[in-house]
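Encoded as structure tokens, the structure appears first; notes follow it.
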Amino acid sequence: MSERISHQGTALMAGPLFNQDVLDHVLVAGLPRLRAAMHLDMVFTFADRDCVLVHPDIVDTITPYSIRSGKAGRPDIRRVEGSWTGAVRNALNLKAIRVVETGGSAYVRERTQ
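First residue of the sequence shown? That's 917 in the numbering used here, and the numbers climb one at a time after it.
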């Protein structure tokens, strides 16, 4: 979720996929309302199945949410405790996830962003 999509919009997209048994779980990144965080792939990108490149100043502020099929076909949205990278690791059943921070200093990361 970001400036362009809400909890409700995310749940509306997931609902039909749950109802058709296409998926049973969606992990959602609650992004801060910043232009630099408008798209998740700008701040968090997989480099390998267990390695991610991150913009730490933003990724550290992502709030993870879990959406599952709820009662009466309504999506059940819950906040996931812990960090975004931890939530991703758990959702993918990985023992560990390697995190590579982009840039050097905060100034360089901001300029790169």
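All C-beta atoms in this analysis are idealised placements derived from N, C-alpha and C, irrespective of residue type, glycine included.
Can you give me the start and stop residues for the alpha helix (DSSP H) that residue i sits inside?
i       : result
GLY1002 : 1000-1007
PRO972  : 972-975
Using a 10 Å radius around the Cβ and a threshold of 16 neighbouring Cβ atoms, would you call residue i buried or exposed?
i       : result
PHE962  : exposed
GLN924  : exposed
HIS941  : exposed
VAL1016 : exposed
Considering residue i, what are the terminal residues of the beta strand (DSSP E) in which it resides?
i       : result
PRO991  : 991-995
ILE983  : 979-985
ALA963  : 960-964
LEU943  : 941-946
ARG1014 : 1014-1017
Under 9 Å, Cβ to Cβ, is there at least one residue of chain D near residue i?
i      : result
SER985 : Note that chain D does not occur in the displayed structure, where there is just one protein chain.
Any idea what DSSP makes of residue i, helix, strand or coil?
i       : result
LEU1010 : coil
Review point. Is the stretch 964-971 touching the stretch 980-987 in the sense that three or more CB pairs, one from each, lie closer than 8 Å?
Key: no
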